[in-house]
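A.B. asks: Can you read through this structure? Questions will come right after.
Numbering (UniProt numbering), first residue to last: 1 to 170.
The structure is reproduced here in structure tokens:
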């Protein structure tokens with residue numbers, strides 16, 4: 001991924017990120033520097049928090065919305081492992097780890113728990129049950145009460161361990 005531009009964010013942009021992450025995930029980001037990075041060869045817009053790619057702007061098209069909504073700031077996999085989310089977490093069993101880590105969408109049989117507040121269309125963090133490590137970021141297809149079951153896709157993967165964004169080093 002080739003960097004197209006990199007610049008420090010203004011205080012109002014930082015406040016927007018901090019508030020969005022607090023509202024969605026229940027996480028407080030306390031950092032000294034926030035830099036937005038845009039890439040030449042990718043649609044990802046990333047925010048480096050103290051030099052680490054911790055926040056990602058998810059485009060409204062990737063959100064499945066057609067209302068022209070602004071891209072939403074959300075934690076990356078690295079960001080979610082640095083600032084563990086309290087809400088919007090979907091937990092998968094050991095059998096799902098290799099699939100989710102390779103970018104597969106999340107299927108009902110692999111889910112052991114889903115935060116009660118999740119609604120269809122929400123951005124979610126996908127974590128493994130043994131150590132609680134985040135494996136992926138995705139978008140819920142269904143509400144939390146419909147996530148457990150025997151078959152069907154319930155979370156679309158957006159970003160995962162090992163993809164080009166995860167491998168990016170500032």
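Cβ atoms here follow ideal geometry from the backbone N, Cα and C, with glycine treated the same way.
Which of helix, strand or coil does DSSP assign to residue 128?
C.D. replies: Locating residue 128 in the chain shown gives position 128, counting from the first residue. In this structure, residue 128 counts as strand in the three-state DSSP scheme.
A.B. asks: Check whether the stretch 83-94 touches the stretch 117-129, taking contact to mean three or more Cβ pairs, one atom from each stretch, closer than 8 Å.
C.D. replies: yes
A.B. asks: When DSSP builds the beta bridges, which residues end up paired with residue 5?
C.D. replies: Here residue 5 is taken as the residue at index 5 of the chain shown, counted from 1. Answer is 38.
A.B. asks: Please specify which runs of the alpha helix (DSSP H), each continuous and at least 4 residues long, are wholly inside the stretch 77-101, giving them in chain order.
C.D. replies: 77-82, 94-101
A.B. asks: Comparing alpha-carbon positions, which option in 107, 115, 166 lies nearest residue 93?
C.D. replies: In the chain shown, residue 93 corresponds to position 93, counting from 1. Of the listed residues, the one whose Cα sits closest to residue 93 is 107.
A.B. asks: Express the C-alpha separation of residue 150 and residue 18 in angstroms, rounding to a whole number.
C.D. replies: For this step, residue 18 is matched to residue 18 along the chain shown. For this step, residue 150 is matched to residue 150 along the chain shown. If I take the Cα positions, the gap works out to 37 Å.
A.B. asks: Starting from the C-beta of residue 62, find all residues in its chain whose C-beta is less than 7 Å away, skip the five residues before and the five after it, and write them out in chain order.
C.D. replies: Stepping through the chain shown from its first residue, residue 62 is reached at position 62. With a pLDDT of only 45 at residue 62, under 50, the local geometry of the prediction cannot be trusted, and the value read off the model is given with reservation. Excluding sequence neighbours, residue 62 sits near 158.
A.B. asks: According to the neighbour-count rule (16 or more other Cβ atoms, all chains shown, within 10 Å of its Cβ), is residue 139 buried or exposed?
C.D. replies: Numbered from 1 along the chain shown, position 139 holds the residue referred to as residue 139. Buried, because 16 or more other Cβ atoms sit within 10 Å of the Cβ of residue 139.
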